[in-house]
Amino acid sequence: MQTILVPIDFSDASRSASLYAATLAKATGAKLLLFHSYMIPTPVSEVPYVMVSVDEIQAENEKFIRKEAVTIHANFGVEVETLLQIGMPSDEITILAEEKNVALTIIGMRGAGGIDKLIGSTTATVVRKSKTPVLVVPHDFVFRNISRIVYASDFSYASSTTLFAPLIEIGRAYHSNLSVIHVQKAPGTTISKEEQQSKADITTTLAELNPEFTVINDESISHGIKSYTGEKNADLLVMVSHRHNFFDRLFSKIHTTEMAYETRIPLLVLPDNRR
């Protein structure tokens, strides 16, 4: 893993994400890129407003981001770069991730505004739009050894080492146990030939992690996943995002953020850009 992008807004949530990213970077040998994107306040003519110069805002942000970088380097010994950019955070994050060809973006669940869930927030937009892998860290999550990874799949797509690269590297670094779960609403449902082929592809692609497959019967896909991750005390939940399929059915109605928040474990979203 080469570079991990860590968007920060100096909130507790982004601090949890940066500490998680630093720990992961140390284990995988990755470099961290701390990134802060901000908007310039626009005064309203009828309202009294003390205008702060762009230079002052820039200087203040530089002070905070450098302090964060120095602290991380001192505590974890990893290489840290910093970058500031004026613009809409969600747009700048996704653009930068592609421009820098980052291996992973790690982002917190709660913004400085104190939003408890990600619906409509910067993080939700990044997860929805990003063409690179995103790992969402709950605002109060304290890093622990990634012993158990749960990958939830509907067996509807072909796998590849490129798609699963972050999962494989994380699993390798922590010698993780990998559970691949498939939630079906009707007990005894037979999977199609295409789904069987997808399962076989996953077995081959993730052979290094020796995946164990489990079928879960539950009327609610999200409930089935949350119940299983809780029962197994999972440390990381993984899902693949692709259009017109599992991700849309699950996350458009139930929301990625709702699931990640309720399970209270990090969620790794791997975008399938082939669709």
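In case it helps, the working numbering puts the sequence shown at residues 862 to 1136.
We put the beta carbon where it would ideally sit given N, CA and C, even for glycine.
Query raised in the report: Going by C-alpha distance, which of Asn1006, Glu942 and Ser1053 is nearest His1036?
Result: To locate residue 1036, count along the sequence shown from 1; it is residue 175. Closest option to His1036, Cα to Cα, is Asn1006.
Query - Spatial distance of Ala878 from Thr1051 (CA atoms) - result: Here residue 878 corresponds to residue number 17 of the sequence shown, with the count starting at 1. Here residue 1051 corresponds to residue number 190 of the sequence shown, with the count starting at 1. So the alpha carbons of these two residues sit roughly 40 Å apart.
Requested in this report: Compute the distance between the beta-carbons of Thr986 and Phe1025, then report whether it is under 8 Å.
Outcome: Reading the sequence shown from its first residue, position 125 is the one you call residue 986. Reading the sequence shown from its first residue, position 164 is the one you call residue 1025. Not in contact: Thr986 and Phe1025 (Cβ atoms no closer than 8 Å).
**Report entry** Runs of beta strand (DSSP E) lying entirely within the stretch 966 to 1031, each at least 3 residues, in chain order
**Finding:** 995 to 998 and 1009 to 1013
Query raised in the report: Is Pro1072 buried or exposed, if buried means 16 or more other CB atoms sit within 10 Å of its CB?
Result: As a working mapping, residue 1072 is identified with position 211 in the sequence shown. Under this definition Pro1072 is a buried residue.
Requested in this report: Return the CA-CA distance between Leu965 and Ala1095, expressed in angstroms with no decimal places.
Outcome: Numbered from 1 along the sequence shown, position 104 holds the residue referred to as residue 965. Numbered from 1 along the sequence shown, position 234 holds the residue referred to as residue 1095. Their backbone Cα atoms lie some 20 Å apart in a straight line.
Requested in this report: Evaluate Lys992 with the Cβ neighbour count: other Cβ atoms within 10 Å of its Cβ, from every protein chain shown; 16 or more gives buried, anything less gives exposed.
Outcome: For the purposes of this step, residue 992 is taken as the residue at position 131 of the sequence shown. That one is exposed.
**Report entry** Beta-carbon spacing of Thr1064, Ile1042 below 8 Å
**Finding:** Here residue 1064 refers to the residue found at position 203 of the sequence shown. Here residue 1042 refers to the residue found at position 181 of the sequence shown. In this structure, Ile1042 does not lie closer than 8 Å to Thr1064 by Cβ.
Query raised in the report: Around the C-beta of Ala883, are 16 or more other C-beta atoms found within 10 angstroms, so that it is buried, or is it exposed?
Result: If you number the sequence shown from 1, residue 883 lands on position 22. Buried: at least 16 other Cβ atoms inside 10 Å.
Query raised in the report: Helix, strand or coil: which one does DSSP assign to Phe925?
Result: Translated into the one-based positions of the sequence shown, residue 925 becomes position 64. Looking at Phe925 - three-state DSSP - the assignment turns out to be helix.
Query raised in the report: In its own chain, which residues sit with a C-beta less than 6 Å from the C-beta of Leu944, not counting the 5 before and 5 after it?
Result: By one-based count along the sequence shown, residue 944 stands at place 83. Contacts found: Phe896.
Query raised in the report: When the Cβ atoms of the stretch 1080 to 1092 are set against those of the stretch 948 to 965, are three or more pairs found closer than 8 Å?
Result: no
Query raised in the report: Measuring CB to CB, does Leu1070 end up less than 8 Å from Gly1032?
Result: Within the sequence shown, residue 1070 is the residue found at index 209, counting from 1. Within the sequence shown, residue 1032 is the residue found at index 171, counting from 1. Yes. Within cutoff.
Report task. Go to Thr864, then tell me how far its beta strand (DSSP E) extends in each direction, as first and last residue. Result -> Taking the first residue of the sequence shown as position 1, residue 864 is located at position 3. Segment Thr864 to Pro868, the beta strand (DSSP E) holding Thr864.
Report task. Check whether the Cβ atoms of Ile926 and Ala891 lie closer than 8 Å to each other. Result -> As a position in the sequence shown, residue 926 is number 65, starting the count at 1. As a position in the sequence shown, residue 891 is number 30, starting the count at 1. No, these two residues do not count as a Cβ contact at 8 Å.
Query raised in the report: Looking at the unbroken alpha helix (DSSP H) that takes in Ser1083, where does it start and where does it end?
Result: Working through the sequence shown from its first residue, we reach residue 1083 at position 222. Looking at the DSSP string, the run of the alpha helix (DSSP H) that includes Ser1083 is Ile1082 to Glu1092.
Query raised in the report: So Lys892 is in the beta strand (DSSP E); what residue range does that whole segment cover?
Result: For the purposes of this step, residue 892 is identified with residue 31 of the sequence shown, where counting begins at 1. Counting along the chain, the beta strand (DSSP E) containing Lys892 begins and ends at Lys892 to Tyr899.
Query raised in the report: Going by other Cβ atoms of all chains shown within 10 Å of its Cβ, with 16 needed for buried, is Glu1055 buried or exposed?
Result: Mapped onto the sequence shown, residue 1055 falls at position 194. Exposed, since its Cβ has fewer than 16 Cβ neighbours within 10 Å.
**Report entry** For Ile1126, the nearest candidate out of Ser982, Ser1059, Phe1002 and Thr1023 (CA to CA)
**Finding:** Taking the first residue of the sequence shown as position 1, residue 1126 is located at position 265. If we check each option's Cα against that of Ile1126, Phe1002 comes out closest.
**Report entry** The beta strand (DSSP E) enclosing Thr943, as first and last residue numbers
**Finding:** As a first step, residue 943 must be located in the sequence shown, where it is residue number 82. Where Thr943 is concerned, the enclosing beta strand (DSSP E) stretches over Val941 to Ile947.
Query raised in the report: Would Val1101 pass as a contact of Asp1079 if the rule is Cβ separation under 8 Å?
Result: Working through the sequence shown from its first residue, we reach residue 1101 at position 240. Working through the sequence shown from its first residue, we reach residue 1079 at position 218. In this structure, Asp1079 does not lie closer than 8 Å to Val1101 by Cβ.
**Report entry** Residues near Ser898 in its chain [Cβ-Cβ closer than 6 Å; skip 5 each side]
**Finding:** Numbered from 1 along the sequence shown, position 37 holds the residue referred to as residue 898. The residues are Gln946, Gly948, Pro950 and Glu953.
Query raised in the report: Does DSSP put Val963 in a helix, in a strand, or in coil?
Result: Position 102 of the sequence shown, counting from 1, holds the residue named residue 963. Residue state, collapsed to three classes: coil.
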